[in-house]
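Participant: In this text, residue positions in the sequence shown follow this note's numbering: the first is 27, and each later residue adds one.
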Amino acid sequence: MRGSPLQGRRATVNARYDSSDAYIKAVRQHADRLVEQRLMLPDDVGFVVEAAPPFPVD
Numbered sequence: 027m028r029g030s031p032l033q034g035r036r037a038t039v040n041a042r043y044d045s046s047d048a049y050i051k052a053v054r055q056h057a058d059r060l061v062e063q064r065l066m067l068p069d070d071v072g073f074v075v076e077a078a079p080p081f082p083v084d
């Protein structure tokens, strides 16, 4: 097996977002949607945002 299966995903993440702020905003929006769907606790949103990989994703 050659390379990492994550290499393509990393390139996609880096291409999709213009800045770190845009990336973190998207992470927060997705987490908020999970809260609305009752799939995540509201108190966990901050943990998810903090645990997001730094941008750009290496």
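Built from N, CA and C at the ideal position, the CB exists for glycine as well.
Which of the three DSSP states is assigned to TYR43 in this structure?
Facilitator: Numbered from 1 along the sequence shown, position 17 holds the residue referred to as residue 43. Residue state, collapsed to three classes: coil.
Participant: Round the Cβ separation of ALA78 and VAL53 to the nearest angstrom and send it over; I've been treating them as touching at under 8 angstroms.
Facilitator: The residue labelled residue 78 in the question sits at position 52 within the sequence shown. The residue labelled residue 53 in the question sits at position 27 within the sequence shown. With a Cβ gap of about 5 angstroms, ALA78 and VAL53 count as contacting.
Participant: Assign ASP84 to one of three DSSP states: helix, strand, or coil.
Facilitator: Taking the sequence shown and counting its residues from 1, one reaches residue 84 at position 58. Correct three-state label for ASP84: coil.
Participant: DSSP state of LEU13, grouped into three classes?
Facilitator: Because residue 13 is not part of the residues shown, which for the chain are 27 to 84, the question remains open.
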